[in-house]
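Residue numbers (the UniProt record's numbering): 12 to 413.
Before any comments, here is the structure.
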Ligand code: RFL
């Protein structure tokens, strides 16, 4: 089995890449571990940056989000000093988000890819990317990489390729296949854990809500007219089901200061997940003929909603570079791919780190007085955002930017 480009993973990165390669006449195949249904129903991101919408528009992939998504440009910080509303869509460069659930975007992309006649294999897990000739390590320049997979019936199979695109997330085969010492992995733990919730209820605010409270952060983000995402800062190590629904809603009310600003619309909790706010960057995003994109390249804490947006941006850049290499023998784009992506990635990491420190008073309780110190910095940061138009413009530009 072979293809010029074997793409691992059918998330936003893999699907955008697959569509652009297929449209350019490149022979490619997507290998996806999960089922089609799983991929189309996995709820994650929801806030798409203007640049992401421009990329999707450019390639005719944005019909669904224009029809069913909505524009969004306000966020509201709730603190002990009251409310701070920022119409970020009218600040900075005057750009808004589009709210469109990731699983709907993935469904649109998959439908489009299949409509083009694109090849995709579900229930096919990539195990290792190696050199086709030696069967060890990853492919090097000029070598033929291969991907060993476990097929739906459990049989191992081998795919050979000219290039492999690792779009299979943080725990995928692409990262695992990088030989020790070939790349650096920069890891950072923000020291904070969130309980992520999906509730079957309409949004309670007309804004993204960020509550800063002594008991910890709480967040509110619209998804669809009937489903809203909430977050609670959570004790690390505590399971997601430790609290009954009633206690979760009471805690959300308390931290969101519902008594002062109006009640939250309660509803059944459809999904709960606990995740630590950690991040990492692989550098460079290439080893020989294996390229990384999306979460496989860099993981961001979800505090600033950047991950899916970077995934789409990187997929477009990688598609252009692979197309030039395969159709014109021009490998300049592949040579600069990693550096170009890393510039965007570090900028997104920097803002995500800033946002994480804004939302949590005690990211690292490292020594006596540490928590007071961080709480004071957090108050000062918010005061600056409340009073400085320049700071507000900076926030708006970075909040919607990728
Ligand atoms: P994905 O979406 O994880 O897709 C990877 C695919 O690879 C498959 N896979 C494999 N396939 C074959 N062989 C293997 N060995 C494989 N291992 C894995 C998986 O089944 C999957 O289908 O990665 P991609 O394409 O890089 O996209 C990244 C985004 O999904 C991610 O960054 C965002 O969801 C992050 N994120 C957000 N990003 C935003 O831009 N805006 C947001 O509002 C936003 N909210 C969020 C988020 C992430 C969250 N989680 C997961 C903590 C909210 C949450 C709760």
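Yeah, the Cβ is synthetic: ideal placement off N, Cα and C, and Gly gets one too.
Which residues does DSSP pair with residue i in a beta bridge?
i           : result
residue 89  : 94, 222
residue 298 : 301
residue 285 : 206
residue 366 : Paired residues: none, contrary to the question.
residue 141 : 157
residue 290 : 199
residue 241 : 208, 231
residue 121 : The partner list for residue 121 (beta bridge, DSSP) is empty, contrary to what the question assumes.
residue 50  : For residue 50, which the question treats as bridged, DSSP gives no partner whatsoever.
residue 309 : 292
When you compare only the Cα positions, how much space is there between residue i and residue j?
i           : j           : result
residue 157 : residue 134 : 18 Å
residue 404 : residue 396 : 9 Å
residue 213 : residue 276 : 7 Å
residue 324 : residue 305 : 9 Å
residue 495 : residue 87  : What is shown of the chain runs 12 to 413, which leaves residue 495 out entirely.
residue 201 : residue 309 : 15 Å
residue 91  : residue 179 : 42 Å
residue 58  : residue 123 : 21 Å
residue 205 : residue 70  : 35 Å
residue 155 : residue 132 : 21 Å
residue 419 : residue 190 : A query on residue 419 cannot be resolved here, the shown segment of the chain reaching from 12 to 413 and no further.
residue 358 : residue 364 : 10 Å
residue 333 : residue 271 : 55 Å
residue 175 : residue 80  : 33 Å
residue 171 : residue 13  : 5 Å
residue 210 : residue 53  : 15 Å
residue 143 : residue 184 : 16 Å
residue 278 : residue 240 : 11 Å
residue 316 : residue 366 : 10 Å
residue 101 : residue 83  : 11 Å
residue 10  : residue 227 : What is shown of the chain runs 12 to 413, which leaves residue 10 out entirely.
residue 50  : residue 115 : 10 Å
residue 291 : residue 186 : 12 Å
residue 412 : residue 196 : 24 Å
residue 15  : residue 136 : 19 Å
On the CB-based measure, 16 or more other CB atoms within 10 Å of its CB, does residue i come out buried or exposed?
i           : result
residue 198 : exposed
residue 374 : Below a pLDDT of 50, predicted positions are generally treated as unreliable, and residue 374, at 48, falls in that range; the measurement from the model is reported next regardless. Residue 374 should be labelled buried.
residue 360 : buried
residue 387 : exposed
residue 125 : exposed
residue 383 : exposed
residue 104 : exposed
residue 44  : buried
residue 99  : buried
Please report the residue range of the beta strand (DSSP E) in which residue i lies.
i           : result
residue 246 : Element bounds for residue 246: n/a, residue is neither H nor E.
residue 156 : 156–161
residue 185 : Run containing residue 185: none in the beta strand (DSSP E); it sits in the alpha helix (DSSP H), 184–187.
residue 174 : 167–177
residue 19  : 13–19
residue 272 : Element bounds for residue 272: not the beta strand (DSSP E) but the alpha helix (DSSP H), 269–272.
Hey, would you say the C-beta of residue i is under 7 Å away from at least one heavy atom of the ligand RFL?
i           : result
residue 305 : yes
residue 58  : yes
residue 136 : yes
residue 4   : Because the chain spans 12 through 413 in this model, residue 4 falls outside it and cannot be assessed.
residue 44  : yes
residue 10  : Because residue 10 is not part of the residues shown, which for the chain are 12 to 413, the question remains open.
residue 182 : yes
residue 207 : yes
residue 230 : no
residue 352 : no
residue 403 : no
residue 22  : yes
residue 31  : no
residue 332 : no
residue 39  : no
residue 320 : yes
residue 178 : yes
How would you write the range of the alpha helix (DSSP H) that residue i sits in, first residue to last?
i           : result
residue 405 : 400–411
residue 335 : 318–339
residue 39  : Residue 39 -> not in any alpha helix (DSSP H); beta strand (DSSP E) instead, spanning 39–42.
residue 24  : 23–34
residue 371 : From DSSP, residue 371 is part of no alpha helix (DSSP H); its letter is neither H nor E.
residue 79  : 74–79
Following a CB-centred definition, is residue i positioned closer than 7 Å to any heavy atom of the ligand COA?
i          : result
residue 55 : Ligands displayed in this structure: the ligand RFL; the ligand COA is not among them.
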